[in-house]
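Since the structure comes first, as structure tokens, the remarks are kept for the end.
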Amino acid sequence: MIEEIASNQYLEYGSHKDALYGTKIDTIRQIIASNRTPILDVEPQALKVLRTREFSPFVVYIAAPNAINIEDRDGSLQRLTRESLLLQNIYKHFFDFSVINNDIEETVKL
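Per the numbering used here, the sequence shown starts with residue 81, numbered consecutively.
Put into structure tokens, the structure is as follows:
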């Protein structure tokens, strides 16, 4: 797998408990070739690879909820909201649709 990573065969990769994992670009191609639609949850940097004529993704950005009216004792929701806004500002030109996840039930319906 390390050789495949070095030769850019992975869209994304990482490690967990000393095990490597990732999403191979050829796997995405195989799914598309079989007339299926891959649904990917990727880091924003991967959008630069996916946003091509070959893949033609429909990118949905799910933003963090508005922290104003929600109890946030440890400040983690405020951090999440700040990070979400930063990502949105940097990568918004890749997004086809954005939704704020204020209510999970409503977000899923969209």
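Glycine included, C-beta positions come from ideal geometry on N, C-alpha and C.
Being a predicted model, the structure only gives us computed values, none of them experimental.
> Should residue 101 go down as buried or exposed, given a rule of 16 or more other Cβ atoms within 10 Å for buried?
Replying inline: exposed
>> When you compare the CB positions of residue 118 and residue 171, do they come within less than 9 angstroms of one another, or not?
In response: no
> Which residue from 132, 134, 161 puts its Cα closest to that of residue 146?
Replying inline: 161
>> With H, G and I counted as helix, E and B as strand and the rest as coil, what does DSSP make of residue 104?
In response: strand
> Which stretch, first to last residue, makes up the alpha helix (DSSP H) that contains residue 164?
Replying inline: 156 to 171
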